[in-house]
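Report on the structure given below.
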Amino acid sequence: MYQYDYYDQTLVDERVAQYRGQVQRYLAGELSDDEFRPLRLMNGLYLQRHAPMLRVAIPYGLLSSRQLRTLAHIARRYDKGFGHFTTRQNIQYNWPKLEETPDILAELAQVQMHAIQTSGNCIRNVTADHLAGVAPDEIEDPRIYCEIIRQWSTFHPEFSYLPRKFKIAVTGAAYDRAAAQVHDIGLNLVRAETGQIGFRVLVGGGLGRTPLIGRVIREFLPERDLLTYLEAILRVYNQQGRRDNLYKARIKILVKALGTEKFRTQVEAEWEQIRNSGLALDQAEIERVRRYFSPPPYETNAVDDLSFEQWLKADKAFADWIKQNIAPHKIAGYRNVFVALKEPHVPPGDISADQMDAVADIADHYSFGMVRSTHHQNLLLTDVRQADLYPLWHTLKSQKLAAPVIGTLADMICCPGLDFCSLANASSISVADQINEKFDRLDYLYDLGDLRLNLSGCMNACGHHHVGHIGILGVDKKGEEWYQISLGGSSENDVSLGDILGPSVPKTEVANTLERILRVYVEYRENDERFLDTFRRIGLEPFRVRAYAPGSHEAKQEEQRHAVGY
Amino acid sequence: MQSVIKDRRIVEDRWQHVADDAELPAGPVIVSLARWRKEQAVLRERGEWVGVRLPNTTNIADLAADLPTLALVALEFPKFADGRAYSQARLLRERHGYQGEIRAVGDVLRDQLFFMARSGFDAFELRADRSLEDALEAFNDFSESYQPAADQPLPLYRRRSGA
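Read top to bottom, the protein sequences are chains A and B.
Numbering that gives the first Met the number 0 numbers the first residue of the first sequence as 0 and each following residue consecutively.
Numbering that gives the first Met the number 0 numbers the first residue of the second sequence as 0 and each following residue consecutively.
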């Protein structure tokens, strides 16, 4: 992974000192709430419902075991002994004290970590495919470019007070595992026929109140031009993005208002002016950064191991776990292992300090000391020898990190919701609980197959409900929590935004409604068809007519709405 | 006379902001873009320095022909969180090679000065209730920067050892 040199370390240390001074001035009354707000946000600090929340950056989801132990230490010393992994591969602490946040950042700086630009109207932590560097379908490792973007965007003098937050994702494989199409900028690494590496550039995707899929504004951008092109996009946005309405301030609204063509013309015109400036990437710099992401020393005979096949036959529970929680690896004899943060009765993405320490030990033992966070709120150990999978599984089980549910209904994405977040309209964690209780049988989960369930507690869509195969959105109706269900979303190559089923349902009815929807799926599916594919084949109607409890108010509402043709 | 920060020092301000309907006083004046457009001939003939105050929606390219005669361009921060003027400042310095004073006016606060300076601002009218002395510290917030900007044409990696 990338290692700080003198300059990187100095910048992070100076940031801690700057922030410490800002906190002191705020506490002394020299900075108003409004003045302090963007400063603390650019250091990851929210002032929330019960306590502050601190979001720590995990650049493109990459962590060393040493860093993970520091995260565990921070959870113990400054929080209530746990942390929460987010859909942007970061970690959040829900109970730090404002006064102690400079100390937390100082501890992070000692292990080359920070909370820089994890919030605020600036360029946020860049995300990537969690299988970067190990995916069999990879064209080029996106982490190299993520790190280059991280450095360029850190303390960017021109783009630290943008109209709104700005999120960039980079993919390097044929398959999009980073939801790049629903980012402000999505970059897909591609290889031209000449062999040259470059990027397909998408702009204006996003979720929230106005969900939109990104538009391609350039099919091929040579790698040397990466930063100049990003700077051109950001400059057009900084000058023309709306600042009069918070809900219309994202770049997607600008791209939509101008039209993709006009937006592209403006970006290209700006880019022409700067493409040969000092910002043009030097090949030597790309190579310098690439060296930090060299493959670990794989064993060439790992594939000769025979014990793995034996255990697969001998132990059904192990075989189930392997089937669900393992992703293929580009090196024969190695596997990628998901560490599931989806234990029933634990909020999705939550992990205790003891578990973090355990995962750090496991990573040292089995995976070259490296851990990753995924945008589905799990952890991942890349580079595990197949011979080690069986003992590794036992260790993970003993830590309650082996729920064999990756990719199933139980592998939910879920925002913190009303229990923690001051923006939320409804709780999400308790609904996740309700769903887990209803669907607690593994054989049923496996029968339902690949199913992405995404849950947000408000329309800001931190739980990505629009792009869940099934999406659930919490809404407030006169002080009561209700839930709107949508079907047919996806954030991957087959990207789509879900269709709203109909009237929202009361909290007590969420899991029951899901059950009825899934019964329709099981009835209609053909062969091994996924829920998403069945939905796309048969449409919303068969689900709609049977989703609501017969005789319920929602069912009647839905009938009436249809009787009058909306 | 008011004090401002200029080139990282606190100095007496010799410039006067002049409202659109006010008579022109003696000495260097800062007028609105509208007034400059309307009374350019008069302002040029005075033989005094002229500065123009631009709304943050002004396209800098539209002003390119006037830049050689302007000794100062004042860029507005209606709210400190409105960052459009950062782009204007960089364009003035980097694209149009503007050498005169670029002054930050409006909701100008200490915690944004480092970024303003990097973008090309060299003068700062701080909000009246703030200490200029304290604000000077902001220029030393960081000793290095990753990306090129108005103050530094090369990225940090060109300065890394062994690079």
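Note that CB positions come from ideal geometry on N, CA and C, so glycine has one too.
Query, Result
"Closer than 8 angstroms to chain B by CB, Asn300 (chain A)", "no"
"Separation of Ala71 (chain A) from Gly258 (chain A), as counted between CA atoms", "47 angstroms"
"Cβ neighbour criterion (16 or more within 10 Å) applied to Gly24 (chain B)", "The displayed chain sequence assigns Pro, not Gly, to residue 24 (chain B). Exposed: under 16 other Cβ atoms inside 10 Å."
"Test: Phe123 (chain B) CB closer than 8 angstroms to a CB of chain A", "no"
"Beta-carbon contacts of Ser31 (chain B) that lie in its chain and below 6 angstroms, excluding the five residues immediately before and after", "Asp19 and Arg52"
"Residue range of the unbroken beta strand (DSSP E) whose run includes His83 (chain A)", "Phe81 to Phe84"
"Proximity winner among B:Asp110, B:Phe114 and B:Glu38, relative to Arg126 (chain B) (alpha-carbon distances)", "B:Asp110"
"Cβ contact check for the stretch 86-105 of chain A and the stretch 387-398 of chain A: 3 or more pairs under 8 angstroms", "no"
"Cβ neighbours of Phe367 (chain A) in the same chain (closer than 6 angstroms, five flanking residues each side left out)", "Pro295 and Asp382"
"Chain-order list of residues whose beta-carbon lies under 7 angstroms from that of Pro221 (chain A) (same chain, five-residue window excluded)", "Gln195 and Gly197"
"8 angstroms Cβ cutoff met for Leu186 (chain A) and Pro154 (chain B)", "no"
"Where His465 (chain A) falls: helix, strand or coil (DSSP)", "helix"
"Pair within 8 angstroms by beta-carbon distance, Cys420 (chain A) and Cys413 (chain A)", "no"
"Neighbourhood of Val519 (chain A) by C-beta, 7 angstroms cutoff - its chain only, sequence neighbours within 5 removed", "Pro541, Phe542 and Arg545"
"Ala148 (chain B) and Glu157 (chain A) closer than 8 angstroms at C-beta", "yes"
"Any beta strand (DSSP E) of 3 or more consecutive residues that is wholly inside the stretch 79-111 of chain B", "100-105"
"Meets three-Cβ-pair contact criterion under 8 angstroms: the stretch 120-131 of chain A and the stretch 141-161 of chain A", "yes"
"Closest Cα partner of Glu106 (chain A) within the set A:Leu38, A:Trp320, A:Leu67 and A:Asn459", "A:Leu67"
"Continuous beta strand (DSSP E) stretch holding Asp382 (chain A): start and end", "Leu378 to Arg384"
"C-beta neighbour in chain A for Ser165 (chain B), strict 8 angstroms", "Outside the shown range of chain B (0 to 162) lies residue 165 (chain B), about which nothing can therefore be said."
"Outcome for Val107 (chain B) when other beta-carbon atoms lying within 10 angstroms are tallied against a minimum of 16", "buried"
"Ile29 (chain B) vs Ala73 (chain B) beta-carbon contact at 8 angstroms", "yes"
"Within-8 angstroms CB hit, Asn237 (chain A) to chain B", "yes"
"Selected residue, minimal CA-CA separation from Gln98 (chain B), among B:Arg34, B:Asp150, B:Ser144 and B:Asn58", "B:Asp150"
"For Val125 (chain A), the residue or residues it bridges with in DSSP", "DSSP, once it has assigned bridges, lists no residue as partnering Val125 (chain A)."
"Coil, strand or helix - Tyr547 (chain A) by DSSP", "coil"
"Opening and closing residue of the alpha helix (DSSP H) in which Val185 (chain A) lies", "Going by the sequence as given, residue 185 (chain A) is Gly instead of Val. That residue, Gly185 (chain A), is in no alpha helix (DSSP H); its beta strand (DSSP E) goes Ile184 to Arg190."
"Residues that Gly50 (chain B) bridges to, as DSSP identifies them", "B:Ile29 and B:Leu71"
"Candidates A:Ile471, A:Gln23 and A:Leu30: closest to Arg129 (chain B) by CA position", "A:Leu30"
"Bounding residues of the alpha helix (DSSP H) (the contiguous stretch that carries Thr394 (chain A))", "Leu388 to Ser397"
"Under 8 angstroms between C-beta atoms of Arg14 (chain A) and Ala352 (chain A)", "no"
"Near-chain A residues of the stretch 40-52 of chain B - C-beta to any C-beta below 7 angstroms", "none"
"Where the alpha helix (DSSP H) through Leu53 (chain A) begins and ends", "Taken as a continuous stretch (DSSP letters only), Leu53 (chain A) belongs to no alpha helix (DSSP H), being part of the beta strand (DSSP E) at Pro51 to Val55."
"Identity of the residues DSSP links to Glu11 (chain B) by a beta bridge", "B:Ser2"
"7 angstroms CB neighbourhood of Arg24 (chain A) in its chain, flanking five on each side removed", "Leu30"
"Euclidean distance between Cα positions of Arg34 (chain B) and Glu47 (chain B)", "16 angstroms"
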